[in-house]
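If you read the sequences in order, they're chains A and B.
Taking the working numbering, the leading residue of the first sequence gets 94, the next gets one more, and so forth.
Taking the working numbering, the leading residue of the second sequence gets 94, the next gets one more, and so forth.
Using N, Cα and C, we set each Cβ at its ideal position, and we do this for glycine too.
Protein chains: 2
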Amino acid sequence: MSFDRLIEKIIKTQNPTVVGLDPKLDYVPEYVKKKAFKKYGKTLKGASKAILEFNKGIIDEICDIVPAIKPQAAYYEMYGYEGVKTLSKTISYAQKKGMFVITDAKRNDIGATMEAYATAHLGSVMVDDEEITPFGTDALTVNGYLGTDGIEPLLKLCRENDKGIFVLVKTSNKSSGELQDLKIGDKTVYETMGDMCEKWGATAPGKLGYSSVGAVVGATYPEQLAEMRAKLPNTFFLVPGYGAQGGGAEGVSKAFDANGLGAVVNSSRAVMCAYKKEECEETEYARAARRECIRMKEDILSYLPKISL
Amino acid sequence: MSFDRLIEKIIKTQNPTVVGLDPKLDYVPEYVKKKAFKKYGKTLKGASKAILEFNKGIIDEICDIVPAIKPQAAYYEMYGYEGVKTLSKTISYAQKKGMFVITDAKRNDIGATMEAYATAHLGSVMVDDEEITPFGTDALTVNGYLGTDGIEPLLKLCRENDKGIFVLVKTSNKSSGELQDLKIGDKTVYETMGDMCEKWGATAPGKLGYSSVGAVVGATYPEQLAEMRAKLPNTFFLVPGYGAQGGGAEGVSKAFDANGLGAVVNSSRAVMCAYKKEECEETEYARAARRECIRMKEDILSYLPKISL
Chain A
94 MSFDRLIEKI IKTQNPTVVG LDPKLDYVPE YVKKKAFKKY GKTLKGASKA
144 ILEFNKGIID EICDIVPAIK PQAAYYEMYG YEGVKTLSKT ISYAQKKGMF
194 VITDAKRNDI GATMEAYATA HLGSVMVDDE EITPFGTDAL TVNGYLGTDG
244 IEPLLKLCRE NDKGIFVLVK TSNKSSGELQ DLKIGDKTVY ETMGDMCEKW
294 GATAPGKLGY SSVGAVVGAT YPEQLAEMRA KLPNTFFLVP GYGAQGGGAE
344 GVSKAFDANG LGAVVNSSRA VMCAYKKEEC EETEYARAAR RECIRMKEDI
394 LSYLPKISL
Chain B
94 MSFDRLIEKI IKTQNPTVVG LDPKLDYVPE YVKKKAFKKY GKTLKGASKA
144 ILEFNKGIID EICDIVPAIK PQAAYYEMYG YEGVKTLSKT ISYAQKKGMF
194 VITDAKRNDI GATMEAYATA HLGSVMVDDE EITPFGTDAL TVNGYLGTDG
244 IEPLLKLCRE NDKGIFVLVK TSNKSSGELQ DLKIGDKTVY ETMGDMCEKW
294 GATAPGKLGY SSVGAVVGAT YPEQLAEMRA KLPNTFFLVP GYGAQGGGAE
344 GVSKAFDANG LGAVVNSSRA VMCAYKKEEC EETEYARAAR RECIRMKEDI
394 LSYLPKISL
């Protein structure tokens with residue numbers, strides 16, 4: 094199953110982190126933008142080409158030490174269909190470089206339509222007698238508000254195509270508690286969603302202890318990370334909110350099991366904008382990203398046991 | 094505000110319905126596909142061009158009698174970025190023909206990222222000193238699981254750019270109750286979400302009684318439609334599930350207020366595939382869609398008062 098592949102990459106790199114590629118144009122060095130604008134104009138296409146170039150530079154520099162990237166669909170859609178083309182090219186480029194790709198799109202819909210999303214991101218579509226893979230990512234974030242029939246089409250592809258999903262359970266933002274912390278009987282909404290993940294996961298188990306159904310649990314709520322880790326033994330966690338959003342390494346360590354596995358921690362802006370923080374040359378942006386990845390890895394590993402099965 | 098524009102179109106056409114454009118390639122007549130495949134091959138581009146042609150044909154035939162279309166993003170993403178280009182072209186084509194466009198994408202994320210989605214679908218983005226509109230739809234469906242800071246960026250654009258959102262409250266699918274019907278104290282999750290819609294809407298009120306924050310409430314649950322209509326006086330409803338999913342006209346009539354306003358009912362497959370049900374010539378597909386729109390309108394109006402302010 095899909096998260097077995099991710100876990101193997103994490104063990105190999107001894108790095109339980111994922112780099113979020115959420116590239117606003119502001120993050121892209123001037124020289125990269127200038128080149129793209131010269132060729133394609135100050136257009137959505139020009140912006141999208143600049144972002145693709147930027148992403149490729151980072152992927153080239155980190156693919157040997159970071160197991161996965163997580164492009165956030167919103168930042169690509171922001172540049173229209175040209176941006177979505179860059180999303181697609183970023184996914185395939187990272188996969189060619191041996192990385193695991195999590196598309197952070199938080200898709201959700203009822204069964205029949207969710208099948209279309211599942212096909213789009215994790216499957217393949219028939220065009221007459223030709224079978225074509227539209228985005229072909231490795232894992233997708235999804236929102237479980239609609240219940241089982243909105244998740245079932247994804248589980249099918251998890252089993253058949255070796256894919257994974259991360260269901261939103263407890264998000265990292267300030268107002269996440271407005272709905273997620275409310276009590277349904279003696280359980281909160283997020284605990285209820287967590288239980289649904291375990292249930293869905295049981296139909297798509299992995300070989301290494303974690304099913305193909307993961308959960309998003311924000312680094313900004315360490316006590317909930319610990320609680321969820323204990324309660325959801327077969328659910329792999331995607332942990333956003335480290336760094337820029339305020340989650341620290343000690344806090345995120347609560348998301349891991351006794352083998353240093355069970356979670357992958359995301360950092361986006363701190364990696365993409367490392368060259369700004371370092372105040373180094375713009376042309377150093379990808380190497381600065383690599384340095385930040387190493388710093389983050391060491392920070393998180395200092396609170397974990399050696400990662401092994 | 095945005096739903097004022099929709100309400101005015103509904104009154105003018107005396108038609109409180111929206112046509113869902115969720116075009117699987119199977120729905121597209123052979124002659125349309127053949128032409129596109131000949132020019133672009135059996136590729137994602139070929140499929141996407143065929144779907145755009147199909148959509149335009151339907152829009153041309155219905156734009157004088159139907160106030161709005163609702164393209165479902167999943168069915169475009171299924172054909173990769175070429176499909177997303179067709180989504181974009183469909184939106185602008187329908188708007189040029191005077192229609193209101195609701196992009197059904199159920200987007201959701203935390204504040205900073207939701208800003209990117211808001212920009213993508215309802216706003217405009219800066220590319221250096223050029224301001225460009227990526228998708229520019231009129232209203233977007235969203236999922237409120239993440240709470241207020243995932244909705245706030247949208248409210249800003251509702252106010253500034255005359256846009257609207259529909260928040261998922263009670264969806265039309267079978268398993269919608271797994272989470273949505275659970276009790277938080279004496280209220281269900283969907284009632285809690287409904288209350289949040291009224292609260293968010295109060296910050297973006299309209300002139301005609303309905304705010305810019307609407308709610309998705311499925312036609313398959315008429316008792317909840319009635320209950321929500323009474324409890325959420327300023328929340329405009331988008332009602333999916335009429336027809337193919339089993340919701341009848343009498344049931345959906347519960348979503349409307351005493352003026353025959355307050356809701357818009359969606360039909361997708363029955364309109365797109367009307368030519369198959371009629372067993373007429375394929376080249377008649379758009380006129381068959383028009384006939385189905387008239388049938389649906391008359392069916393629903395038979396349970397409503399004359400639509401007026």
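A distance below 7 Å separates the beta carbons of Ala308(A) and Thr328(A). Taking a Cβ-Cβ cut-off of 9 Å, the neighbours of Asp221(A) in chain B comprise Leu118, Lys126, Phe130, Lys135, Gly139 and Ala140, given in sequence order.
Around the CB of Met289(A), 16 or more other CB atoms lie within 10 Å, so the residue is classed as buried. Three or more beta-carbon pairs separated by less than 8 Å link the region 192-199 of chain B to the region 215-232 of chain B, which places the two stretches in contact. Rounded to the nearest whole angstrom, the C-alpha separation of Glu291(A) and Ser305(A) is 10 Å. In this structure, DSSP gives Ile393(A) a helical state, which the three-state scheme calls helix. Tyr378(A) has its alpha-carbon roughly 5 Å from the corresponding atom of Tyr368(A). Leu247(B) has its alpha-carbon roughly 24 Å from the corresponding atom of Lys178(A). The Cβ of Ala209(B) sits closer than 7 Å to at least one Cβ of chain A.
Among the residues of the region 233-247 of chain A, those with a Cβ less than 8 Å away from any Cβ of chain B are Asn236, Gly237, Tyr238, Leu239, Gly240, Thr241, Asp242 and Gly243, in the order of the chain. Listed as beta-bridge partners of Val310(B) by DSSP are Lys263(B). Judged by beta-carbon spacing, Thr226(A) lies beyond the 7 Å limit of Ala167(B), meaning their Cβ atoms are not closer than that value. DSSP lists Ala161(A) as the bridge partner or partners of Phe193(A).
Distance from the Cα of Ser361(A) is smallest, within the candidate group Lys249(A), Arg383(A) and Lys190(A), for Arg383(A). Within chain B, not a single residue places a beta-carbon under 8 Å from that of Lys105(A); the smallest gap is close to 30 Å.
Take Val310(A), set aside five residues on each side of it, and the residues of its chain with a beta-carbon closer than 7 Å to its own are Val262, Lys263, Gln317, Leu318, Met321, Phe330, Val332 and Ala348, in chain order. Leaving aside the five residues that flank Val218(A) on each side, the residues in its chain whose CB is nearer than 7 Å to its CB run, in chain order, Thr212, Ile225 and Pro227. Chain-ordered listing is empty here: chain A has no CB closer than 7 Å to the CB of Phe147(B), the nearest sitting near 14 Å. Using a Cβ-Cβ cut-off of 7 Å, Met171(B) is close to Ala209, Thr212, Ala213, Val218 and Pro227 of chain A, given in chain order. Contact with chain A is found for Ser269(B), since one of that chain's Cβ atoms lies less than 7 Å from the residue's Cβ. For the set Gly355(A), Gly204(A) and Tyr314(A), the Cα lying nearest the Cα of Lys249(A) is the one of Gly204(A). Listed along chain B are Leu275, Lys276, Ile277 and Val282, each with a C-beta nearer than 8 Å to that of Ile277(A). With fewer than 16 other beta carbons inside 10 angstroms of its own, Pro326(A) counts as exposed.
Residue-level contact by beta carbon fails for Ala297(B) and chain A, as no gap is shorter than 7 Å. Per the C-alpha coordinates, the member of Thr106(B), Glu245(B), Tyr303(B) and Glu154(B) positioned closest to Ala381(B) is Glu154(B). For Ile225(B), the enclosing beta strand (DSSP E) starts and ends at Glu223 to Ile225. Residues Gly204 of the same chain have their beta carbon placed closer than 7 Å to that of Glu245(B), with the five preceding and five following residues left out of the count.
The beta carbon of Asn359(B) lies closer than 6 Å to those of Val111, Gly113, Lys163 and Pro333 in the same chain, with the five residues before and after it left out.
The three-state reading of DSSP puts Asn359(B) in strand, counting E and B together. In the assembly as shown, Ile387(A) is an exposed residue. Its beta-carbon has fewer than 16 other beta-carbons within 10 Å.
Among the residues of chain B, none has a CB under 9 Å from the CB of Gln317(A); the nearest is roughly 15 Å distant. DSSP places Ile203(B) outside both helix and strand once states are collapsed to three, so it counts as coil. Glu208(B) and Glu375(B) have their C-alpha atoms some 43 Å from each other.
Sequence-distant Cβ neighbours of Thr106(A) in its own chain, meaning closer than 7 Å and more than five residues away, are Ile158, Val159 and Pro160. Between Gly237(B) and the set Asn201(A), Lys117(A), Trp293(A) and Ile144(A), the nearest pair of CA atoms involves Asn201(A). Interface annotation, Ile203(A): in contact with chain B, CB-CB separation under 7 Å.
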